[in-house]
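> Counting from 645, one number per residue, gives the positions in the sequence shown under the numbering used here.
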Amino acid sequence: MKSEYSVAELVPHSGKMSLLDNIVEYADDWLRAEVYITEASMFADEKGVPAWTGMEYMAQTIGAFAGMQERREGGEPKLGFLLGTRKYTCSVDYFPLGQTLILTAKREMQAENGLSVFQCSLHGEGIEASASLNVYQPEDADSFLKDAIS
């Protein structure tokens, strides 16, 4: 389905830390988003954006998926946490300026306690990246953070 929501309505990041540009489409267990690599992109230099940033693009795509799930159930997007990444591979060292990246996050497993595993991919012209991301979305992020700090 084509998304009726903007990135800002799905991902609880703001300003320059909101890295996705567009939600392309979604279904019950996946979401596809776009990132436009420009001189104004976070982390950009004269070579483009370093490829390690792809992991954060993937994490925010998962955040958009979770936000979409919340919106579809009548709720608001919640804060989530990237716990770990397995097997991040990328065919380039930098995402070049002018490139449009297509990201897909597909839910592989979701436990009742808020833990989930997603298979993610990133594609652009001559660019392929993939990873498995483990994420956690607590019911109450404020309480979780207070407990984690104390």
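Beta carbons: idealized from backbone N, C-alpha and C, even for Gly.
Can you give the Cα-Cα distance for M699 and D786, rounded to whole angstroms?
25 angstroms
> In terms of residue numbering, what span does the alpha helix (DSSP H) encompassing L654 cover?
651-654
> To the nearest whole angstrom, what separates the beta carbons of E683 and D665, a pair I think is in contact under 8 angstroms?
About 14 angstroms separates the two Cβ atoms, so there is no contact after all.
> Quick one: which unbroken alpha helix (DSSP H) runs of 4-plus residues sit fully inside the stretch 703-748? Chain order, please.
Counting whole runs of 4 or more residues, the stretch 703-748 contains no alpha helix (DSSP H) stretch at all.
> Do you know how far the Cα of E690 is from the Cα of W674?
33 angstroms
> Would you identify the three-state DSSP class for G659, choosing helix, strand or coil?
In the structure shown, G659 falls within a helical segment according to DSSP collapsed to helix, strand and coil.
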